Each structure stands twice: as structure tokens, then as C-alpha cells.
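K.L.:
Take this structure, written in C-alpha cells, and hold onto it; I'll ask about it next.
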Amino acid sequence: MRSSPDTGWYTVRCVFRWDPPRDTYEERVTLWRAASFDEAIIMAEREAAEYGIGGAFRYLGLAQAYRLSDEVIEPGTEVFSLLRDSDLEPEEYLSTFFDTGDERQGHIS
37 MRSSPDTGWY
47 TVRCVFRWDP
57 PRDTYEERVT
67 LWRAASFDEA
77 IIMAEREAAE
87 YGIGGAFRYL
97 GLAQAYRLSD
107 EVIEPGTEVF
117 SLLRDSDLEP
127 EEYLSTFFDT
137 GDERQGHIS
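Remember, our numbering sits 36 above the position in the sequence shown when you count from 1.
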């Protein structure tokens, strides 16, 4: 695709579910050069469908896009942001949405 004055960088988060016997979900964030949120999501969903071909997982149809405000991508560039309103206290919010104990993640000691 050729760049136009309206073209920018977008990241899109897509959610997948691994097939049983696993009860595992995957969130992938991919980077796209597009003219709009809609175009970035279309591109990401096409890639998500290809990503799932032959794999033990499937795309769940949830795509969330974020337009990068910086034209140049470099260390420290914000690549995704999602705002969520919640009445939960900070510790409960984190344990509800991000640190349930079931994530496959490392910890810095």
C-alpha cells in the first residue's frame, strides 16, 4: 500500500482461544500501516485468520486498534493503550484483569 498524508501506524490487538484440552487465550498485538482504524482492523483480522490456519487455536473476532501518535517508531514509542472505567481498587483491578495467577508470564526478581 502506498503512503498517503492520512496514513499512519496502528497496532491491533486480536484475541484467540487455543483448542482443548487447553483453556488458554492469547492476545496478540500486531503493527500495521493504514489510512484508518477500520483499514488497520481489516488487515489485522485477515492476518488473524491466516495465523489460525492449521493451528490449535482460533480467532475470537475481537480486535482493538490504537493509532500511534508518533510517525517514527523508536524505543519507548507507545504502541497500545486501552482505557477502562472501573470502581475496583487498584489491587483488585489488577488481579481481576491482568494478574489472575493463570497468565503465562515471567517476573522480574
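By construction, the Cβ of each residue, glycine as well, lies at the ideal position given by its N, Cα and C atoms.
Computed from a prediction, not measured in an experiment: that's the story for all the values here.
What does the alpha-carbon distance come out to for the pair residue 73 and residue 59?
P.N.:
When rounded, the distance between both Cα atoms is 30 Å.
K.L.:
Using the C-alpha atoms, what's the distance from residue 127 back to residue 84?
P.N.:
Rounded to whole angstroms, residue 84 to residue 127 spans 33 Å at the Cα level.
K.L.:
Return yes when the Cβ of residue 46 is within less than 9 Å of the Cβ of residue 69, no when it is not.
P.N.:
In contact: residue 69 and residue 46 (Cβ atoms closer than 9 Å).
K.L.:
In whole angstroms, give me the CA-to-CA distance for residue 113 and residue 49.
P.N.:
Distance between the alpha carbons of residue 113 and residue 49: 16 Å.
K.L.:
Please go through the same chain and pick out, in chain order, the residues whose beta-carbon is closer than 7 Å to the beta-carbon of residue 93, but skip the five residues on each side of it.
P.N.:
Contacts found: 52, 53, 54, 55 and 62.
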